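Position in the sequence shown (first residue = 1) + 5 = the working numbering.
For every residue, glycine included, the Cβ atom is placed at its ideal position computed from N, Cα and C.
Being a predicted model, the structure only gives us computed values, none of them experimental.
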Amino acid sequence: MKIPIYLDYASTTPVDPKVSQKMIKYLTINGIFGNPNSRSHSYGWEAENAIIKARKQIASLIGADSEEIIFTSGATESNNIAIKNTSYLLKKRYKHIITSLTEHKSVLNICAKLEKKGFKITRIIPDINNGLINLKKILESIRSDTFLISLMHANNEIGTINDIKNIGKLCKNNNIIFHVDASQSVGKIPINLKKMNIDLMSFSSHKLYGPKGIGGLFIKKKSKIFLKKNIYQKNNNNNVQFGTLPVHQIVGMGEAYKIAKKEMFYEIPKLYYFKKKLWKGLKKISGIKINGDFKKSIPNILNISFNYIDNISLIMILKNLAISTGSACSSGNKESSYVLKSIGINDNLAKNTLRLSIGRFTTKKEINYSIKYIKDSIKKYNFFFKTL
Ligand code: PMP
Numbered sequence: 006m007k008i009p010i011y012l013d014y015a016s017t018t019p020v021d022p023k024v025s026q027k028m029i030k031y032l033t034i035n036g037i038f039g040n041p042n043s044r045s046h047s048y049g050w051e052a053e054n055a056i057i058k059a060r061k062q063i064a065s066l067i068g069a070d071s072e073e074i075i076f077t078s079g080a081t082e083s084n085n086i087a088i089k090n091t092s093y094l095l096k097k098r099y100k101h102i103i104t105s106l107t108e109h110k111s112v113l114n115i116c117a118k119l120e121k122k123g124f125k126i127t128r129i130i131p132d133i134n135n136g137l138i139n140l141k142k143i144l145e146s147i148r149s150d151t152f153l154i155s156l157m158h159a160n161n162e163i164g165t166i167n168d169i170k171n172i173g174k175l176c177k178n179n180n181i182i183f184h185v186d187a188s189q190s191v192g193k194i195p196i197n198l199k200k201m202n203i204d205l206m207s208f209s210s211h212k213l214y215g216p217k218g219i220g221g222l223f224i225k226k227k228s229k230i231f232l233k234k235n236i237y238q239k240n241n242n243n244n245v246q247f248g249t250l251p252v253h254q255i256v257g258m259g260e261a262y263k264i265a266k267k268e269m270f271y272e273i274p275k276l277y278y279f280k281k282k283l284w285k286g287l288k289k290i291s292g293i294k295i296n297g298d299f300k301k302s303i304p305n306i307l308n309i310s311f312n313y314i315d316n317i318s319l320i321m322i323l324k325n326l327a328i329s330t331g332s333a334c335s336s337g338n339k340e341s342s343y344v345l346k347s348i349g350i351n352d353n354l355a356k357n358t359l360r361l362s363i364g365r366f367t368t369k370k371e372i373n374y375s376i377k378y379i380k381d382s383i384k385k386y387n388f389f390f391k392t393l
């Protein structure tokens with residue numbers, strides 16, 4: 006068993022060895038290293054074919070068509086492209102965007118920038134305690150100039166899953182573009198874009214055992230969205246942007262998504278089982294509390310608060326576990342989590358919080374060790390402070 010035990014899969018996942026083996030074949034002189042834009046020789050054609058195949062694998066996991074996927078550097082960029090381009094395209098007639106207080110910083114930051122440029126932003130407060138976005142609150146926020154609703158599918162800190170299907174229906178009925186940040190949900194819960202009313206969806210590779218630095222944006226064919234062509238170069242990225250595509254990264258992401266599609270139906274129950282086991286083992290610790298909604302959450306995230314121990318002490322006493330106090334983007338930040346505060350958790354308790362996230366390579370032995378280790382460490386900590 007490798008110590009520290011990795012319990013931070015929500016921040017990033019290791020690349021699956023099957024993925025890295027595949028990627029290596031797309032780098033060196035004896036492999037497929039050509040520029041996919043090169044049309045005059047087989048090196049280029051082979052690279053282009055590899056991209057076509059990967060795009061199909063990615064589309065297949067989420068129920069999209071290949072032409073509906075563009076590649077980006079990750080979900081941060083996808084969120085930026087989706088929100089910014091839609092806003093600038095529609096700015097003459099529409100001004101109002103609806104999002105929520107618990108979105109990822111990449112969504113909140115771009116909304117704040119647009120606000121400074123004259124757009125109006127409504128940030129919905131999620132339901133207290135469970136963190137879900139209530140449909141009624143969305144409906145009440147819609148105005149005549151609302152053109153975009155941008156919400157995450159599953160939250161990266163507490164794991165709660167929003168009712169994206171019904172929010173999509175609501176968007177359709179009100180003629181509003183729907184953008185979903187699905188960075189944490191793709192491959193963790195089934196997604197079929199053919200049955201959901203989503204116009205734009207962001208996702209990443211490194212949350213699903215693929216390489217870092219590559220992600221995607223789904224742009225629904227039938228929706229009336231035409232992304233502003235930032236770089237007017239006809240290429241293999243569905244004519245949207247960028248120069249030479251990173252073939253090895255894209256192939257890696259394609260392979261990772263292919264594996265996820267094949268394995269998710271027994272991987273999901275395994276993760277739910279481990280998460281349940283983890284919580285069952287920990288819930289007897291006095292002063293412990295679970296954040297979010299256990300039932301309506303993705304299988305890999307468990308967010309817990311301890312009544313009397315701050316998270317800096319927790320990280321120190323639990324040094325055999327690689328865990329985080331919240332999202333990776335805010336780790337090291339002394340402020341308590343804005344996600345927890347917006348679901349009504351007081352500042353103190355929000356500071357005493359840990360996110361444990363499990364994944365494909367988590368074992369039963371690691372779960373059992375972690376339960377005992379957390380319990381024993383907290384007992385020792387409490388004993389030490391009581392005797393001071
Ligand atoms: N949205 C959510 C919900 C995330 O969890 C993350 C990753 N922390 C991102 C967006 C950004 O993804 P990436 O690292 O691929 O840019």
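Is DSSP giving residue i helix, strand or coil here?
| i | result |
| --- | --- |
| residue 157 | strand |
| residue 221 | strand |
| residue 361 | strand |
| residue 238 | In this predicted model, residue 238 has a pLDDT of only 41, less than 50, meaning its place in the structure is not dependable; the value taken from the coordinates is given anyway. DSSP places residue 238 in coil when its eight states are reduced to three. |
| residue 174 | helix |
| residue 10 | strand |
| residue 80 | helix |
| residue 165 | strand |
| residue 71 | helix |
| residue 151 | strand |
| residue 19 | coil |
| residue 376 | helix |
| residue 307 | strand |
| residue 400 | In the structure as shown, the chain begins at 6 and stops at 393. Residue 400 is therefore absent and cannot be evaluated. |
| residue 34 | coil |
| residue 56 | helix |
| residue 290 | coil |
| residue 382 | helix |
| residue 299 | coil |
| residue 132 | coil |
| residue 196 | coil |
| residue 388 | helix |
Could you work out which residue in the options is closest to residue i when comparing CA atoms only?
| i | options | result |
| --- | --- | --- |
| residue 372 | 84, 390, 346, 305 | 305 |
| residue 218 | 20, 114, 381 | 20 |
| residue 311 | 281, 196, 350 | 350 |
| residue 112 | 84, 149, 270 | 84 |
| residue 108 | 188, 9, 320 | 188 |
| residue 149 | 99, 131, 378, 345 | 99 |
| residue 151 | 255, 9, 95, 75 | 95 |
| residue 274 | 365, 324, 291 | 365 |
| residue 254 | 35, 13, 58 | 58 |
| residue 249 | 15, 8, 260, 39 | 39 |
| residue 299 | 120, 137, 45, 54 | 137 |
| residue 346 | 162, 289, 214 | 162 |
| residue 27 | 377, 258, 317, 389 | 258 |
Can you give me the start and stop residues for the alpha helix (DSSP H) that residue i sits inside?
| i | result |
| --- | --- |
| residue 405 | Since the first and last residues shown for the chain are 6 and 393, residue 405 lies out of range. |
| residue 316 | 316–322 |
| residue 279 | 252–287 |
| residue 146 | 140–146 |
| residue 28 | 22–29 |
| residue 114 | 110–121 |
| residue 347 | 343–347 |
| residue 354 | 352–356 |
Assuming residue i and residue j form a contact by the criterion Cβ under 8 Å, report the distance between their Cβ atoms to the nearest whole angstrom.
| i | j | result |
| --- | --- | --- |
| residue 211 | residue 186 | At roughly 15 Å, the Cβ-Cβ gap does not stay under 8 Å, so residue 211 and residue 186 are not in contact. |
| residue 182 | residue 205 | 7 Å |
| residue 184 | residue 88 | 6 Å |
| residue 276 | residue 133 | That pair is no contact at about 27 Å. |
| residue 144 | residue 106 | Not confirmed; about 18 Å, so no contact. |
| residue 43 | residue 266 | Between residue 266 and residue 43 the Cβ distance is about 30 Å, and since that is not below 8 Å, they are no contact. |
| residue 226 | residue 202 | No, residue 226 and residue 202 are not in contact; Cβ-Cβ is about 13 Å, not under 8 Å. |
| residue 375 | residue 307 | That pair is no contact at about 10 Å. |
| residue 77 | residue 220 | 5 Å |
| residue 342 | residue 358 | 6 Å |
| residue 344 | residue 41 | Wrong, their Cβ atoms sit about 39 Å apart, outside the cutoff. |
| residue 80 | residue 190 | In fact, because the Cβ distance is near 11 Å, the residues do not count as touching under 8 Å. |
| residue 130 | residue 102 | Not quite, the Cβ-Cβ distance comes to about 16 Å (not below 8 Å), so this is no contact. |
| residue 224 | residue 73 | 6 Å |
| residue 68 | residue 196 | 7 Å |
| residue 386 | residue 322 | 5 Å |
Quick check on the DSSP output: the beta strand (DSSP E) that includes residue i runs from which residue to which?
| i | result |
| --- | --- |
| residue 101 | 101–105 |
| residue 293 | 293–296 |
| residue 125 | 125–129 |
| residue 77 | 74–77 |
| residue 366 | It is not in any beta strand (DSSP E) - residue 366 carries neither H nor E in the DSSP assignment. |
| residue 205 | 205–209 |
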